[in-house]
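Protein chains in written order, with the numbering used here: chain A, 13 to 113; chain B, 44 to 245.
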């Protein structure tokens, strides 16, 4: 388990994942908005959503995965929901709009 | 042959070396002892009787047996056929260190009781049409031929009590061993409710 900054739903995070390609190991980054946290204990996961080239991508990470090198919080957001599913139907600017703290 | 008795704690998950999640069942194995040995000369076959836990309120005959053996009365017992009785002594504690990660084991336990169930759930029968005037939704179809045998064969699969039966699952891999807390993590699901007794052997 790598270094994990405290984050919550609504935060914009950058997740550094270790990827294995044959023998080589490299780090992959995934940046986006945390729209969901689920589970507890070792099975806790969080979902990061980003829109790239107009296509929404959601990735679910196990929080305690040994492949997570680092989680960096880019921006803290203020939200009034535990799950930000309402962002899914949105397009353009409003798709990522979350108030900053 | 490796064997131990344990108590089901519940299910969890662990990450393997590649970071992949492995679903596991946690079994607490503390206090398995050798209750007695059966030998070919005396009993006609070789085996070891293993016991687990300490019985809270053993009755008199039960107490008598254990007094003779010189050990505390156990909660449950399991017999294990074996060829090699050497090096095993009565009263000896069996530890989980005999197992290794990656070992294939078979686990015996009593499955969860499901109550009175219909033939669809109990035996996997197909259901009837739900519409088009059909009235046989979840009922069983034919029970057999007519003129011969003019009755229902014994053992015909029908609705009834399901679960609560002795179940053995084979070829389960040990994913992790925690010797400090006497816990074995076995990949996959195991029969029974939490707290039920499980017999693990290779």
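Built from N, CA and C at the ideal position, the CB exists for glycine as well.
- request: Go ahead and pull the three-state DSSP assignment for residue 162 (chain B).
  value: Within the second chain, the letter at position 119 stands for residue 162 (chain B). In the structure shown, residue 162 (chain B) sits in a helix (DSSP, three-state: H, G or I).
query: Which residues, in order along the segment 201-228 of chain B, keep a beta-carbon less than 8 angstroms from a beta-carbon of chain A?
result: Among the residues of the segment 201-228 of chain B, none has a Cβ less than 8 angstroms away from any Cβ of chain A.
field: Where residue 20 (chain A) meets chain B, residues with beta-carbon distance less than 7 angstroms
entry: For this step, residue 20 (chain A) is matched to residue 8 along the first chain. The premise fails here: residue 20 (chain A) is roughly 23 angstroms from chain B at the closest Cβ pair, so nothing lies under 7 angstroms.
query: Of all the CB atoms in chain A, is at least one closer than 8 angstroms to the CB of residue 53 (chain B)?
result: Against the second chain, residue 53 (chain B) aligns to sequence position 10. Taking Cβ atoms only, chain A never reaches closer than 8 angstroms to residue 53 (chain B), which makes this a no.
- request: Note down, in chain order, each residue of its chain lying with its Cβ closer than 7 angstroms to the Cβ of residue 72 (chain A), except the 5 sequence neighbours on either side.
  value: The residue labelled residue 72 (chain A) in the question sits at position 60 within the first chain. Closer than 7 angstroms at the Cβ level, and outside the excluded window around residue 72 (chain A), lie 57 and 59.
- prompt: Can the beta-carbon of residue 70 (chain A) be found less than 8 angstroms from the beta-carbon of residue 89 (chain A)?
  reply: Stepping through the first chain from its first residue, residue 70 (chain A) is reached at position 58. Stepping through the first chain from its first residue, residue 89 (chain A) is reached at position 77. No, the Cβ-Cβ distance between residue 70 (chain A) and residue 89 (chain A) is not below 8 angstroms.
- prompt: So, do the segment 147-165 of chain B and the segment 94-101 of chain B have three or more beta carbon pairs nearer to each other than 8 angstroms?
  reply: Output reads no: the segment 94-101 of chain B does not touch the segment 147-165 of chain B.
Nonlocal neighbours in the same chain, by C-beta distance under 8 angstroms from residue 132 (chain B), ignoring five residues either side: In the second chain, counting from the first residue as 1, residue 132 (chain B) sits at position 89. Leaving aside the five residues that flank residue 132 (chain B) on each side, the residues in its chain whose CB is nearer than 8 angstroms to its CB run, in chain order, 77.
message: What does the alpha-carbon distance come out to for the pair residue 68 (chain B) and residue 228 (chain B)?
response: Position 25 of the second chain holds residue 68 (chain B). Position 185 of the second chain holds residue 228 (chain B). Put simply, the backbone Cα of residue 68 (chain B) is about 6 angstroms away from that of residue 228 (chain B).
- prompt: Taking C-alpha atoms, which residue in B:242, B:203 and B:224 lies nearest to residue 211 (chain B)?
  reply: For the purposes of this step, residue 211 (chain B) is identified with residue 168 of the second chain, where counting begins at 1. Residue 211 (chain B) has its Cα closest to that of B:242, out of B:242, B:203 and B:224.
query: Once you ignore the five residues that flank residue 234 (chain B) on each side, which residues in its own chain have a CB closer than 7 angstroms to its CB?
result: For the purposes of this step, residue 234 (chain B) is identified with residue 191 of the second chain, where counting begins at 1. For residue 234 (chain B), where only same-chain residues beyond five positions count, the Cβ hits under 7 angstroms are 152, 153, 154, 210 and 212.
message: So the candidates are A:31, A:41, A:17 and A:46; which of them puts its Cα closest to the Cα of residue 91 (chain A)?
response: In the first chain, counting from the first residue as 1, residue 91 (chain A) sits at position 79. With distances taken between Cα atoms, residue 91 (chain A) lies closest to A:46.
message: For the pair the segment 164-174 of chain B and the segment 213-223 of chain B, tell me if three or more CB-CB distances fall below 8 angstroms.
response: With a cut-off of 8 angstroms on Cβ pairs, the segment 164-174 of chain B is not in contact with the segment 213-223 of chain B, counting fewer than three such pairs.
task: Please report the residue range of the alpha helix (DSSP H) in which residue 104 (chain B) lies.
output: For the purposes of this step, residue 104 (chain B) is taken as the residue at position 61 of the second chain. Unbroken alpha helix (DSSP H) run through residue 104 (chain B): 103-112.
query: Between the segment 61-72 of chain B and chain A, which residues of the former have CB atoms less than 8 angstroms from a CB of the latter, in chain order?
result: Result list: 61, 62 and 64.
query: Secondary structure at residue 72 (chain A), three-state DSSP: helix, strand or coil?
result: For the purposes of this step, residue 72 (chain A) is taken as residue 60 along the first chain, with counting starting at 1. Under the three-state reduction of DSSP output, residue 72 (chain A) falls in the strand class.
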